[in-house]
Amino acid sequence: MSSESYSAKIRPENRCRRLLLGSGVVLGLCATVLIVQMPLPLHWRVASGLAWGTLCVVELWLTMRCYRRARRYRLYPDGTVSVRYSNALSGSAWMMPGCIVLQRAAWLRFCNPAGASWGEPLTRNGQNPEQWRRLQVICRHRAAC
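In numbering that gives the first Met the number 0, the protein residues as written are 0 to 144.
This is how it looks when you write it as structure tokens:
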């Protein structure tokens, strides 16, 4: 059967999302501490630390906002994605380059028409086996994955 004739229905996993956001917080704090300890004048260290901390907070906030809204994904062979939001509406997005699908885990990158992009960590255990297989087939036939 050709991969053009079907789609993959993917359900995000809250455990993976929490792990990703938690690691982002920890790494952002570690990097801020390293920046503040650099051998630079005090005003440069403070300004750099504040700038980096602000960028980390904004990026985590945008990712968390996408996570709160998106409840389900349906991926199509041409790279388009139908996103089911928490308010029962659906929207469109597309898969971005940088998606990785392995035997037991996946990292999918999406972008919506408004320009917001986010990554979705997944594991095979949290998915229907047939849908996971379809996701693997679709990504094998796409240049972006």
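Just so it is clear, CB atoms sit at the ideal spot from N, CA and C, and this is done for glycine as well.
Residue i: which of the options sits nearest, CA to CA?
i	options	result
ARG68	GLU119, CYS29 and GLY78	GLU119
GLY21	CYS65, PHE109 and LEU59	LEU59
SER85	SER116, GLU129 and TYR66	TYR66
TRP117	PRO76, GLY27, PRO11 and SER6	PRO11
Should residue i be labelled buried (16 or more other beta-carbon atoms within 10 Å of its own) or exposed?
i	result
TYR72	buried
ALA143	Its pLDDT being 49, under 50, ALA143 is placed unreliably in this model, and the value from its coordinates should be taken loosely. Exposed: under 16 other Cβ atoms inside 10 Å.
THR62	buried
VAL25	exposed
PRO38	exposed
ARG16	buried
Indicate whether residue i and residue j have their beta-carbon atoms separated by less than 7 Å.
i	j	result
GLN126	VAL100	no
GLY97	ARG83	no
ARG147	VAL35	With the chain covering 0 to 144 only, the question about residue 147 has no answer from this structure.
Below 8 Å on the Cβ atoms is my guess for residue i versus residue j; work out the distance and round it to an integer in Å.
i	j	result
SER91	VAL80	7 Å
#### Entry: Segments assigned beta strand (DSSP E), at least 3 residues, entirely inside the stretch 22-107
69-74, 79-84 and 89-94
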